[in-house]
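Novice: Numbering (my numbering), first residue to last: 322 to 574. Note that the Cβ used here is the ideal one computed from N, Cα and C, for glycine as well.
Right under this line is the structure:
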C-alpha cells in the first residue's frame, strides 16, 4: 500500500540535505561540473509526460533559468532547451531509468544489440501497460505533482522540487511492481522533482553568489497532471544535452 506520508518525509529530507543545506558550501566553493555530463550516457526511461499546461509553462521556466545562468556566465546544460533551440518534447518527470551505461546509444551497434534493445523496450512497455490497466480510472485521472516551491540549487544541479499526491505514488509503485514481475528491476524514484540544469564547468564563488539569488527567485506555479506515460530511450552528453525518444506513449486516461 502506498505510504505517501513516508514518501514525502524522505523526499523532504533529500531536498533539505542535498540542496537547501548545501547553499553555504556552494557560496564558499562555487559550482562544479556534474559527473553526469562529463561523459556520455544512454539508456531507457519510463516517465510521466506532461499535460498541455505543463508543456507550455515548464519550457518558459527552463528558458528563464537558462537566461539567468547565462547572464552570470555559468556554463550549463538545460533539459528542455539548449542555447540553440527548444526541445519541449523532452519535458518530463522521471519515474525510473533502466540499463543506463556510459557511452551507450540504444538501438546502435550490431544487429544482435539492436534486437536485444528492441526486445527490452517491448517488454518494458508491455509491463507498464499492464500496470496502468490494473489501476482504477479515478487513480489515473487524479495523479498529479505540484511545482510551487522556489527552485533548488546545489553545486552541480538546478531542480524544480515537486510535491506529488497519493495517486502519483500509487501509479509509480504499481509500475515498479509489474516491471519487477516481468524481470525488469526499476529503481524507485526518491522524489517528484524535475531537473532543470546541470553545470558543465567549475565556476568561481563570486559568479555563483549572484546566480543563486537569481535562480532562487524563480518560483513555478505549475501542476503536472500527466495524461500519459512515456517509455523510450535517452542519450545525454555535454555536446547535445539531454535527448529523449518516446517510443511508446501509454495513456493514463
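As a quick exercise: from 436, 327, 545, pick the residue whose alpha carbon is nearest that of residue 468.
Specialist: Residue 545 is the option with its Cα nearest to residue 468.
Novice: Identify whether residue 500 lies in helix, strand or coil by the three-state DSSP scheme.
Specialist: Looking at residue 500 - three-state DSSP - the assignment turns out to be helix.
Novice: Who are the near neighbours of residue 406 in its chain, counting only those whose CB is closer than 6 Å to its CB and skipping five residues on each side?
Specialist: With a pLDDT of only 37 at residue 406, under 50, the local geometry of the prediction cannot be trusted, and no value is derived from it.
Novice: Kindly indicate the opening and closing residues of the alpha helix (DSSP H) around residue 353.
Specialist: Residue 353 -> no alpha helix (DSSP H), and no H or E assigned at all.
Novice: For the alpha helix (DSSP H) holding residue 438, just list the boundary residues, first then last.
Specialist: Taken as a continuous stretch (DSSP letters only), the alpha helix (DSSP H) holding residue 438 covers 432-454.
Novice: Should the stretch 354-366 be regarded as contacting the stretch 519-538, the criterion being three or more beta carbon pairs within less than 8 Å?
Specialist: Judged by Cβ distances under 8 Å, the stretch 354-366 makes contact with the stretch 519-538, as three or more pairs qualify.
Novice: Here's a check: name, in chain order, each residue in its chain whose Cβ is nearer than 6 Å to the Cβ of residue 352, leaving out the five neighbours to either side.
Specialist: 476, 520, 524, 529, listed in sequence order.
Novice: For residue 511, which three-state DSSP category applies?
Specialist: The answer is coil: DSSP assigns residue 511 none of H, G, I, E or B.
Novice: Would you tell me roughly how many angstroms separate the C-alpha atoms of residue 564 and residue 427, rounded to the nearest one?
Specialist: One C-alpha to the other measures close to 12 Å.
Novice: Once DSSP output is grouped into helix, strand and coil, what is the label at residue 323?
Specialist: Looking at residue 323 - three-state DSSP - the assignment turns out to be coil, as it is neither helix nor strand.
Novice: Using only the alpha-carbon positions, how far apart do residue 337 and residue 484 sit?
Specialist: So the two alpha carbons sit approximately 14 Å from each other.
Novice: Mapping the DSSP letters down to three states, classify residue 521 as helix, strand or coil.
Specialist: Here residue 521 sits in coil by DSSP.
Novice: What are the residues that DSSP puts in a beta bridge with residue 563?
Specialist: Answer by DSSP bridge pairing, in chain order: 557.
Novice: With DSSP run on the structure shown, which of helix, strand or coil describes residue 607?
Specialist: Any property of residue 607 remains undetermined from this structure, which presents the chain solely from 322 to 574.
Novice: Are there three or more Cβ pairs, one per stretch, closer than 8 Å when the stretch 555-573 is compared with the stretch 378-388?
Specialist: Counting Cβ pairs under 8 Å, fewer than three are found: no touch.
Novice: DSSP has residue 545 in a bridge; who is on the other side?
Specialist: In the DSSP output, where bridge partners are listed per residue, residue 545 has 466.
Novice: Buried or exposed: which applies to residue 567, given that a residue is buried once 16 or more other Cβ atoms fall within 10 Å of its Cβ?
Specialist: Residue 567 is buried by the Cβ-count criterion.
Novice: Under a Cβ-count criterion, where at least 16 other Cβ atoms within 10 Å of its own Cβ denotes burial, should residue 480 be classed as buried or exposed?
Specialist: Classification for residue 480: buried.
Novice: Determine, using beta carbons only, whether residue 430 comes closer than 8 Å to chain D.
Specialist: In summary, chain D is missing from the structure at hand, where a single protein chain is found.
Novice: What residue does the beta strand (DSSP E) around residue 367 start on, and which one ends it?
Specialist: Taken as a continuous stretch (DSSP letters only), the beta strand (DSSP E) holding residue 367 covers 361-370.
Novice: Is the distance from the Cβ of residue 507 to the Cβ of residue 574 below 8 Å?
Specialist: Not a contact, by the Cβ cut-off of 8 Å.
Novice: Do residue 552 and residue 441 have their beta-carbon atoms positioned less than 8 Å apart in this structure?
Specialist: For residue 441 and residue 552, no; Cβs fall outside 8 Å.
Novice: Whose CA, out of 554, 541, 571, 569, lies closest to the CA of residue 374?
Specialist: Among 554, 541, 571, 569, the Cα nearest to that of residue 374 belongs to 541.
Novice: Rounded to a whole number of angstroms, what is the C-alpha to C-alpha distance between residue 462 and residue 451?
Specialist: About 17 Å.
Novice: Taking the straight line between their C-alpha atoms, what separation do you get for residue 334 and residue 492?
Specialist: Their Cα atoms are separated by approximately 22 Å.
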